[in-house]
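Q: According to full-length UniProt numbering, the sequence shown is numbered sequentially starting from 1.
Beta carbons are placed, not taken as given, at the ideal position from N, Cα and C, and that holds for glycine.
Small disclaimer: the values here were computed from a predicted structure and weren't measured.
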Amino acid sequence: MIYTPEHHELMASIRRFVSAEIDPFVDEWEAAEIFPAHEVFRKMGQLGFLGITKPEAYGGMGLDFSYALAAAEAIGYVKAQGVGMGIGVQANMATPALASFGSDELKREFLAPAIAGEVVCSIGVSEQGAGSDVSSLKTRARRDGDDYVISGSKMWITNGTQADWICLLCNTSDGPSHKNKSLIIVPLKDAAGRRAKGIEVQKIKKFGMWSSDTAQIFFDEVRVPVRHRIGEEGMGFIYQMKQFQEERLDGAARRLASIELIEETADYLRQRVAFGKPLLDNQFIQYKLAELKTEIEALRGLIYMATHAFVQGQDVTELASMAKLKAGRLGRDVADWCMQFQGGMGYTWDNRVSRAYRDYRLGSIGGGADEVMLMVIARKMGLMDPAA
Ligand SMILES: Cc1cc2nc3c(=O)[nH]c(=O)nc-3n(C[C@H](O)[C@H](O)[C@H](O)COP(=O)(O)OP(=O)(O)OC[C@H]3O[C@@H](n4cnc5c(N)ncnc54)[C@H](O)[C@@H]3O)c2cc1C
Numbered sequence: 001m002i003y004t005p006e007h008h009e010l011m012a013s014i015r016r017f018v019s020a021e022i023d024p025f026v027d028e029w030e031a032a033e034i035f036p037a038h039e040v041f042r043k044m045g046q047l048g049f050l051g052i053t054k055p056e057a058y059g060g061m062g063l064d065f066s067y068a069l070a071a072a073e074a075i076g077y078v079k080a081q082g083v084g085m086g087i088g089v090q091a092n093m094a095t096p097a098l099a100s101f102g103s104d105e106l107k108r109e110f111l112a113p114a115i116a117g118e119v120v121c122s123i124g125v126s127e128q129g130a131g132s133d134v135s136s137l138k139t140r141a142r143r144d145g146d147d148y149v150i151s152g153s154k155m156w157i158t159n160g161t162q163a164d165w166i167c168l169l170c171n172t173s174d175g176p177s178h179k180n181k182s183l184i185i186v187p188l189k190d191a192a193g194r195r196a197k198g199i200e201v202q203k204i205k206k207f208g209m210w211s212s213d214t215a216q217i218f219f220d221e222v223r224v225p226v227r228h229r230i231g232e233e234g235m236g237f238i239y240q241m242k243q244f245q246e247e248r249l250d251g252a253a254r255r256l257a258s259i260e261l262i263e264e265t266a267d268y269l270r271q272r273v274a275f276g277k278p279l280l281d282n283q284f285i286q287y288k289l290a291e292l293k294t295e296i297e298a299l300r301g302l303i304y305m306a307t308h309a310f311v312q313g314q315d316v317t318e319l320a321s322m323a324k325l326k327a328g329r330l331g332r333d334v335a336d337w338c339m340q341f342q343g344g345m346g347y348t349w350d351n352r353v354s355r356a357y358r359d360y361r362l363g364s365i366g367g368g369a370d371e372v373m374l375m376v377i378a379r380k381m382g383l384m385d386p387a388a
């Protein structure tokens, strides 16, 4: 896959938006442990950035996923990864299944405002007792006439304290764990913007990604109409696995911007003198930075290959999992080496490298841990019992 001038134009306009509307405020948002998603998304929605792949009928641009990937790559340059993650959830994690399998009525009610940036959305898969093993989740939607009545809780929900709705994966029957789940859109606020009945939200304090608000959300007999279900009952697990492909490519693409840390570190080392010469004159440092850049470019190749196949309509579960695995590990490596080479300055609190070190650590845990990616890849390679 090779980016066209249109891809580059989109990336340039997102980079301009990031420089003007996001980067000047990220230090403040990091300190506040939340970014104002409604404000940022409204501006992004007006520019069309939140509906790049979504149908034009609902306000989207109707472009193929390569453009969403280019956008994610550009968003990766935000100077605090928490904001990029919140945007990624809105654009490529909470909304793909709704766009692909939701009814027209559901898309008008929930997708169109998400694309316009009028509402903030979230994705609810993980639970306190079910993170890596999604199939074992316990949140349940019981049928009562034309409604579902939902009880349970979701853990680690990005955008969770400010989200207007959640795309919830929950059990809708007692059948086998891959066939008993559905995706349901659950409003988290009522028409007046207050917390919806039966919903309780508790904020979680984290090691990194501070500008992203993360929450545990409790559902106590929450009633939603059956028409809020995305697609067919019992297909939620399958829809979510498909939705994960976009999530993993989005997250991996955001990590490509770590190349900027290498450039900044090289600039710093050009100025910093030790033993009578700039630190950058040490061959060990030159080679290490060269090796990291080579790995980033190799990751770029893998991501673009996966995206090309995805755009052709292929199932890229294996390639997207490989990209997510590699991006998670490489992001950590880049941040760690750049901190090492910046020495004490790299270890200071407000340094961009120390923030990246904290933020990038999530890459090997969130959205499926490295070991889960390895499990998916091993399964696709036929190394595992498919039932395991
Ligand atoms: C900041 C943040 C934001 C998040 N945002 C969201 C969100 O918006 N929506 C959402 O649904 N979830 C979200 N998550 C949840 C995230 O996807 C889970 O944390 C992740 O899937 C891992 O689940 P867990 O934390 O329960 O780890 P566990 O399942 O308890 O696993 C712990 C560790 O065990 C190891 N492990 C797991 N399985 C295996 C195995 N088969 N073989 C070997 N080792 C294994 C891994 O190293 C793993 O890290 C978020 C998490 C964080 C921290």
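(1) Mapping DSSP to helix, strand and coil, what is G51?
(2) Which stretch, first to last residue, makes up the beta strand (DSSP E) that contains P225?
(3) Give every residue of the same chain whose Cβ lies closer than 8 Å to the Cβ of R194, excluding the five residues on either side of it in the sequence, and list them in chain order.
(4) Kindly give me the distance between the Cβ atoms of G62 and G117, rounded to whole angstroms, as I take these residues to be in contact under 8 Å.
(5) Tell me the DSSP secondary structure of L137 in three-state form.
(6) Out of K242, S182, D336 and W349, point me to the one whose CA is closest to L292's CA.
(7) Would you give the residue range spanned by the beta strand (DSSP E) that D147 belongs to?
(8) In or out: Y347 buried (at least 16 other Cβ within 10 Å) or exposed?
(9) Which class does V186 belong to by DSSP, given the choice of helix, strand or coil?
(10) Across which residues does DSSP place V201 in a beta bridge pair?
(11) Is S211 buried or exposed, if buried means 16 or more other CB atoms sit within 10 Å of its CB?
(12) What is the DSSP secondary structure of S126, reduced to helix, strand or coil?
(13) In the DSSP output, what is K181 paired with across the bridge?
(14) To the nearest angstrom, how far is the alpha carbon of E33 from that of A80?
(15) Using three-state DSSP, classify W165 as helix, strand or coil.
(16) Quick check: what's the CA-CA separation for H8 versus L256?
(17) Following a CB-centred definition, is E371 positioned closer than 6 Å to any heavy atom of ligand 1?
(18) Between V186 and ligand 1, is the CB less than 6 Å from at least one heavy atom?
(19) Taking the C-alpha atoms as reference points, what is the distance between A369 and S132?
(20) Could you check what DSSP says for A369 in three-state terms: helix, strand or coil?
(21) Who are the near neighbours of E233 in its chain, counting only those whose CB is closer than 6 Å to its CB and skipping five residues on each side?
(22) Under three-state DSSP, which class holds V273?
(23) Please report how far the alpha carbon of K138 lies from the alpha carbon of Y3, in whole angstroms.
(24) Could you please give me the residues that DSSP links to P278 through a beta bridge?
(25) How big is the Cα-Cα spacing for E6 and G251?
(26) Going by the beta-carbon positions, is the gap between S135 and N159 smaller than 7 Å?
(27) In the DSSP assignment, find the alpha helix (DSSP H) that holds F35 and state where it starts and stops.
(28) Quick one: Cα of G124 to Cα of D64, how far?
(29) Are the CB atoms of P96 and E246 within a distance shorter than 7 Å?
(30) Buried or exposed, going by whether 16 or more other CB atoms sit within 10 Å of the CB of R229?
(31) Do you know how far the Cα of G175 is from the Cα of P187?
(32) Mark T294 as exposed unless 16 or more other C-beta atoms lie within 10 angstroms of its C-beta, in which case mark it buried.
(33) Answer yes or no: do C338 and L261 have a C-beta to C-beta separation smaller than 7 Å?
(34) Taking the CB atoms as reference points, tell me whether I150 and V83 lie closer together than 7 Å.
A: Looking at the coordinates:
(1) Along the sequence shown, read from residue 1 onward, the residue named residue 51 stands at position 51. Coil at G51, not helix or strand.
(2) Against the sequence shown, residue 225 aligns to sequence position 225. Per DSSP, P225 belongs to the beta strand (DSSP E) from T214 to P225.
(3) Position 194 of the sequence shown, counting from 1, holds the residue named residue 194. Around R194: no qualifying Cβ.
(4) Numbered from its first residue, the sequence shown carries residue 62 at position 62. Numbered from its first residue, the sequence shown carries residue 117 at position 117. At roughly 17 Å, the Cβ-Cβ gap does not stay under 8 Å, so G62 and G117 are not in contact.
(5) For the purposes of this step, residue 137 is taken as the residue at position 137 of the sequence shown. L137: coil per DSSP, three-state reduction.
(6) Within the sequence shown, numbered from 1, the residue matching residue 292 stands at position 292. Checked all of K242, S182, D336 and W349; the closest Cα to L292 is D336.
(7) Taking the sequence shown and counting its residues from 1, one reaches residue 147 at position 147. Element bounds for D147: D147 to T158.
(8) Residue 347 sits at position 347 when you count from the first residue of the sequence shown. Exposed.
(9) Taking the first residue of the sequence shown as position 1, residue 186 is located at position 186. Of the three classes helix, strand and coil, the one that applies to V186 here is strand, per DSSP.
(10) One-based indexing of the sequence shown puts residue 201 at position 201. Paired residue(s): I217.
(11) Sequence index remark: in the sequence shown, residue 211 carries index 211 (1-based). Answer is buried; the Cβ neighbour count reaches 16.
(12) By one-based count along the sequence shown, residue 126 stands at place 126. Here S126 sits in coil by DSSP.
(13) Working through the sequence shown from its first residue, we reach residue 181 at position 181. Answer is N171 and M235, bridged to K181.
(14) Mapped onto the sequence shown, residue 33 falls at position 33. Mapped onto the sequence shown, residue 80 falls at position 80. So the alpha carbons of these two residues sit roughly 11 Å apart.
(15) Sequence index remark: in the sequence shown, residue 165 carries index 165 (1-based). DSSP places W165 in strand when its eight states are reduced to three.
(16) Looking up residue 8 in the sequence shown gives position 8. Looking up residue 256 in the sequence shown gives position 256. If I take the Cα positions, the gap works out to 15 Å.
(17) Numbered from its first residue, the sequence shown carries residue 371 at position 371. Under cutoff, so the answer is yes.
(18) Working through the sequence shown from its first residue, we reach residue 186 at position 186. False, no ligand heavy atom lies under 6 Å from that Cβ.
(19) Locating residue 369 in the sequence shown gives position 369, where the first residue counts as 1. Locating residue 132 in the sequence shown gives position 132, where the first residue counts as 1. Cα to Cα, the separation comes out at about 7 Å.
(20) Counting from 1 along the sequence shown, the entry for residue 369 is found at position 369. In this structure, A369 counts as coil in the three-state DSSP scheme.
(21) Taking the sequence shown and counting its residues from 1, the one referred to as residue 233 is at position 233. Closer than 6 Å at the Cβ level, and outside the excluded window around E233, lie T172 and S182.
(22) Here residue 273 corresponds to residue number 273 of the sequence shown, with the count starting at 1. Note: V273 maps to strand in three-state DSSP.
(23) Along the sequence shown, read from residue 1 onward, the residue named residue 138 stands at position 138. Along the sequence shown, read from residue 1 onward, the residue named residue 3 stands at position 3. Straight-line Cα distance between these residues: approximately 43 Å.
(24) In the sequence shown, counting from the first residue as 1, residue 278 sits at position 278. Per DSSP, V273.
(25) Within the sequence shown, numbered from 1, the residue matching residue 6 stands at position 6. Within the sequence shown, numbered from 1, the residue matching residue 251 stands at position 251. Taking the straight line joining both Cα atoms gives about 22 Å.
(26) For the purposes of this step, residue 135 is taken as residue 135 along the sequence shown, with counting starting at 1. For the purposes of this step, residue 159 is taken as residue 159 along the sequence shown, with counting starting at 1. No, the pair does not count as a contact, with Cβ atoms beyond the cut-off.
(27) Here the question's residue 35 lines up with position 35 in the sequence shown. That residue, F35, is in no alpha helix (DSSP H); it is neither H nor E in DSSP.
(28) In the sequence shown, residue 124 corresponds to position 124, counting from 1. In the sequence shown, residue 64 corresponds to position 64, counting from 1. C-alpha separation (whole angstroms): 25 Å.
(29) Looking up residue 246 in the sequence shown gives position 246. Looking up residue 96 in the sequence shown gives position 96. Their beta carbons are under 7 Å apart, which means E246 touches P96 by this criterion.
(30) Stepping through the sequence shown from its first residue, residue 229 is reached at position 229. Burial call: buried.
(31) If you number the sequence shown from 1, residue 187 lands on position 187. If you number the sequence shown from 1, residue 175 lands on position 175. Rounded to the nearest angstrom, the two C-alpha atoms are 26 Å apart.
(32) Position 294 of the sequence shown, counted from the start, is the residue given in the question as residue 294. By the neighbour-count rule (16 or more Cβ atoms within 10 Å), T294 is not buried but exposed.
(33) The residue given as residue 338 occupies position 338 in the sequence shown. The residue given as residue 261 occupies position 261 in the sequence shown. Going by C-beta atoms, C338 is nearer than 7 Å to L261.
(34) Within the sequence shown, the letter at position 150 stands for residue 150. Within the sequence shown, the letter at position 83 stands for residue 83. No.
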